[in-house]
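Numbering (the working numbering), first residue to last: 24 to 67.
All C-beta atoms in this analysis are idealised placements derived from N, C-alpha and C, irrespective of residue type, glycine included.
See structure below.
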Amino acid sequence: MSHLAPIQTGEKSAGEILAVDRAVADQYFAEGDQAVAMAEFMMG
């Protein structure tokens, strides 16, 4: 989250826009969702 603040305040440019295959993006976000679910499960 800390990388967004300088962009939002204009201190830093957003940079290059990346393009990835839809299947790769889906896998990436699914892994993130799984990591969050596991962390929540471990917290009880």
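Residue i - containing alpha helix (DSSP H), residue span
| i | result |
| --- | --- |
| A62 | R45 to M66 |
Neighbourhood of residue i by C-beta distance below 8 Å, restricted to the same chain and skipping five residues each side
| i | result |
| --- | --- |
| G67 | none |
Sequence-distant residues of the same chain with beta carbon closer than 7 Å to residue i, five excluded per side
| i | result |
| --- | --- |
| P29 | K35 |
| A38 | Per the sequence presented here, residue 38 reads as Gly, with Ala not at that position. Result list for G38: empty, nothing under 7 Å. |
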